[in-house]
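Peer 1:
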Amino acid sequence: MLKDSHPSEIETILAHYPPDQKRSAAMPLLYLAQSAYGYLSPAAIAEVADLVGASSTQVGSLVGFYSLYHDEPGGKVRMQVCVDLPCALKGADALAETVCRNLGIRLGETTPDGTITVEGVMCLAGCDKAPVFQSQESDGIHYHESQTVETAMAWVEQIRKGQADG
Amino acid sequence: MAEHILLRHLDLPDIDQLDVYLAHGGFEALRQAVTGKTPSDVIEIVKASGLRGRGGAGFPAGVKWSFLTPNVFPRYVVVNADESEPGTFKDREIMERNPYQFLEGVALCAYAAQAETAYIYCRGEFWDLTRRLEQRLAELEQRGLLGRNLFGTPYSLHIHMHLGAGAYICGEETALLESLEGKLGQPRLRPPFPAAKGLYGQPTVVNNVETLANLPPILARGADWYRTIGTAQSPGPKVFCLSGHVNRPGNYELPLGTTFRTLIFEHGGGIPGGHAAKAILPAGASAPLLMATDEVLDTPMDYESVAKAGSMLGSASVIVMDETVDIAWVGWKTTRFFKHESCGKCTPCREGTYWMLHVIERLRAGDGAAGDIDLLEAVARGMQGKCLCPLGEFAVMPVLSGIERFRPDYAALAGNGR
Chain A
90 MLKDSHPSEI ETILAHYPPD QKRSAAMPLL YLAQSAYGYL SPAAIAEVAD
140 LVGASSTQVG SLVGFYSLYH DEPGGKVRMQ VCVDLPCALK GADALAETVC
190 RNLGIRLGET TPDGTITVEG VMCLAGCDKA PVFQSQESDG IHYHESQTVE
240 TAMAWVEQIR KGQADG
Chain U
2 MAEHILLRHL DLPDIDQLDV YLAHGGFEAL RQAVTGKTPS DVIEIVKASG
52 LRGRGGAGFP AGVKWSFLTP NVFPRYVVVN ADESEPGTFK DREIMERNPY
102 QFLEGVALCA YAAQAETAYI YCRGEFWDLT RRLEQRLAEL EQRGLLGRNL
152 FGTPYSLHIH MHLGAGAYIC GEETALLESL EGKLGQPRLR PPFPAAKGLY
202 GQPTVVNNVE TLANLPPILA RGADWYRTIG TAQSPGPKVF CLSGHVNRPG
252 NYELPLGTTF RTLIFEHGGG IPGGHAAKAI LPAGASAPLL MATDEVLDTP
302 MDYESVAKAG SMLGSASVIV MDETVDIAWV GWKTTRFFKH ESCGKCTPCR
352 EGTYWMLHVI ERLRAGDGAA GDIDLLEAVA RGMQGKCLCP LGEFAVMPVL
402 SGIERFRPDY AALAGNGR
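Chains A and U, in that order, give the protein sequences.
With the numbering used here, letter number 42 in the first sequence gets 131, and the count goes up by one each step, no holes.
With the numbering used here, letter number 300 in the second sequence gets 301, and the count goes up by one each step, no holes.
#1: Could you round the C-beta distance between U:Thr-205 and U:Val-79 to whole angstroms and report it? I think they count as a contact, below 8 Å.
#2: What residues in the stretch 72-99 of chain U bring their beta carbon closer than 8 Å to a beta carbon of chain A?
#3: I need the DSSP call for U:Ala-24, collapsed to helix, strand or coil.
#4: Just checking my contact of U:Met-302 with U:Ala-284 at CB under 8 Å: how many whole Å lie between their CB atoms?
#5: For U:Arg-53, list the residues DSSP reports as bridge partners.
#6: Below 9 Å on C-beta distance, what does U:Asn-252 contact in chain A?
#7: So for U:Arg-124, helix, strand or coil by DSSP?
#8: Rounded to the nearest angstrom, what separates U:Leu-177 and U:Ser-343 at their Cα positions?
#9: Would you grab the beta carbon distance between A:Leu-192 and A:Val-207 for me? Rounded to a whole angstrom, and I think it's under 8 Å.
#10: So which residues on chain A does U:Glu-182 lean against when the C-beta distance must stay under 8 Å?
#11: Rounded to whole angstroms, what's the CA-CA distance from U:Arg-365 to U:Thr-263? Just pull it up for me.
#12: Using the three-state DSSP reduction, which class does U:Thr-260 fall into: helix, strand or coil?
#13: Is it true that the CB of U:Val-21 sits closer than 8 Å to the CB of U:Tyr-112?
#14: Taking the alpha carbon of U:Arg-406 as the reference point, which residue from U:Ala-310, U:Cys-350, U:Ile-46 and U:Thr-354 has its own alpha carbon closest?
#15: Which word fits U:Leu-414, buried or exposed, when buried means at least 16 other C-beta atoms lie within 10 angstroms of its C-beta?
#16: Which residue comes first and which comes last in the beta strand (DSSP E) that contains U:Glu-324?
#17: Considering U:Val-397, what are the terminal residues of the alpha helix (DSSP H) in which it resides?
#18: Relative to the C-alpha of U:Asn-208, which residue among U:Ala-58, U:Ser-85 and U:Ile-320 is closest?
#19: Exposed or buried, U:Leu-52, counting other C-beta atoms within 10 Å across all chains shown (16 or more means buried)?
#20: What are the boundary residues of the beta strand (DSSP E) that includes A:Ser-94?
#21: Just the Cα atoms here: how many angstroms apart are U:Pro-100 and U:Pro-14?
#22: Between which two residues does the alpha helix (DSSP H) carrying U:Cys-242 extend?
#23: Are the CB atoms of U:Gly-183 and U:Ala-168 nearer to each other than 8 Å?
#24: U:Gly-167 versus chain A: which residues are under 7 Å apart at the beta carbon?
#25: If the cut is a Cβ gap below 7 Å, which residues of chain A does U:Val-331 touch?
#26: CB-CB under 7 Å to A:Ala-122, same chain, minus the five flanking residues each way: which ones, in chain order?
#27: If you reduce the DSSP assignment to three classes, tell me which class U:Ala-166 lands in.
#28: If you draw a straight line from the C-alpha of U:Leu-134 to the C-alpha of U:Phe-103, how long is it?
#29: With C-beta atoms as the reference, is A:Cys-189 less than 8 Å away from U:Gly-88?
#30: Ordered along the chain, which non-local residues of its own chain (more than five positions away) have a Cβ less than 6 Å from that of A:Met-211?
#31: Leaving out five residues before and five after U:Glu-117 in sequence, what residues of the same chain have Cβ atoms less than 6 Å from its Cβ?
#32: Using three-state DSSP, classify U:Val-331 as helix, strand or coil.
#33: For U:Met-322, would you say it is in contact with chain A, using Cβ-to-Cβ distances shorter than 8 Å as the test?
#34: In the DSSP assignment, find the unbroken alpha helix (DSSP H) run with U:Ile-361 in it and report its ends.
#35: Find out if the Cβ-Cβ distance for the pair U:Asp-12, U:Arg-98 is shorter than 8 Å.
#36: Report the option in A:His-105, A:Pro-107, A:Lys-218 and A:Ser-124 whose CA atom is closest to the CA atom of A:Lys-165.
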């Protein structure tokens, strides 16, 4: 249970909001749960709901609404390539396709070893350094800008090596 | 412009270090306001400066603050740092590279609004940036520049970071407030406006990052100085985000009223590969497409002139497309975006974006009927003026303007199917 494994993080999150407005903490607590469990299972959602005094339905609806929450397990790392207009003008679609082809998967799929899920996502506010992808990992979300197929594949190899070593 | 007012890190690369910011007069405006001015003094100065909101709507900031319901407390200041408009990346640069000017601006706004709590709502993707700003806020509290009894006065201020989780709609201020309350990011019916009933039902000011970054220089140097930059109706500097087919994409801080030509060719270095500009989106995906004619290129980028040219300045996110770009493909990209980001609350937007995408994809698949362009236009017109919030209105703009101004690109796809 998060209550037992992450008590101080929970306390810090709740302290940002008025005591009678605990529901505001639902989103940060969902991030905490996702990082702890890898994805948001019905049990994880129920835990967060309990912590903020909302129903599981209310908290569960957030998971469906917001794209950075995941209700099923994916790769250990999600590689999220922006394929929106400004990045697409700079070849983002081709980049995403080539990376997927090299990995033997289609966009939205996970490599057979369970390491990487490649997804196409909407604008990441990095259009001047297009193409851009972000990596959603257990320790948060990180930007990778001014990408080429070579730099993207080099990053992929580094992740795979890290996973194999770890 | 010789001196950068907002992108100050271009002149002072270490301005993201607190001591460097302080050495250059940082937090003096806040100290003088809190110790020597009333909140209404601050509002009057900002009104006199003519500062207009930089998030897209261009509403005068000081006027917005004066709508706060009197004598109702607590009040809140909420910063819209949900920067998600395709082609927009200015707030991120300000928060990363000139963070203390931004945070001082948040504090000045909070003081003017008599709010003792402020939330900075960052899009979820700004994870690393949010962690960094949390550290900076802790540092400011330690140094007595934020926190209880600021500068020995009864006024206290705490600023909190809050992460969104991937939803463009949360850039709409009432959807942002819903999201901050732990709910789905769906817009509220207005009125009441946030100034009357905002966060937790209390009077609330919601402002964009860039708007707030203007406050320390306005307070430090005065409204008259501020009005020497820009135009009479649109005073001050503006950060223009330049992306797409240009040699030097990036953020450029220029006076409002600078022409597209100056931005694209002088600052952006022109179009790569000897190509010609074909189309311009002046406000990200959320505005009508302009043909890159000489007349358009010579249009000054202020709120009024861009409207007269047939589009909107919005957040000033200028996306340039060269003549190799198929405008029906642009319509597909923007419609895909809005369909994905429609929150689902109101029917015209939820259904309209779905059907627009359906028709465009049918056209692109080579399966379009002769009447499909008219059908697409009819769906778009069916949404216009009927949506709960601007998202649905934005969604139709690149499509209708594309059909009107670049019809051959759509016509090339129609009539291949049944």
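Every residue gets a Cβ at the ideal spot worked out from N, C-alpha and C, and that includes glycine.
Peer 2: To lay it out plainly:
#1: 6 Å
#2: Glu-84, Ser-85, Glu-86, Pro-87, Gly-88, Thr-89, Phe-90, Asp-92 and Arg-93
#3: helix
#4: About 10 Å separates the two Cβ atoms, so there is no contact after all.
#5: U:Pro-61
#6: Asp-217
#7: coil
#8: 14 Å
#9: 7 Å
#10: Gln-110, Arg-112 and Ser-113
#11: 35 Å
#12: strand
#13: no
#14: U:Ala-310
#15: buried
#16: Segment: none, U:Glu-324 is in no beta strand (DSSP E) and carries neither H nor E.
#17: 391-406
#18: U:Ala-58
#19: buried
#20: Careful: A:Ser-94 lies outside any beta strand (DSSP E), inside the alpha helix (DSSP H) at 91-94.
#21: 12 Å
#22: No alpha helix (DSSP H) contains U:Cys-242, which is instead part of the beta strand (DSSP E) from 238-245.
#23: no
#24: Tyr-155, Ser-156 and Leu-157
#25: Leu-174
#26: Leu-91, Leu-129, Ala-133, Glu-136 and Val-137
#27: coil
#28: 11 Å
#29: no
#30: Asp-173
#31: Ser-157 and Leu-158
#32: helix
#33: yes
#34: 348-365
#35: no
#36: A:Ser-124
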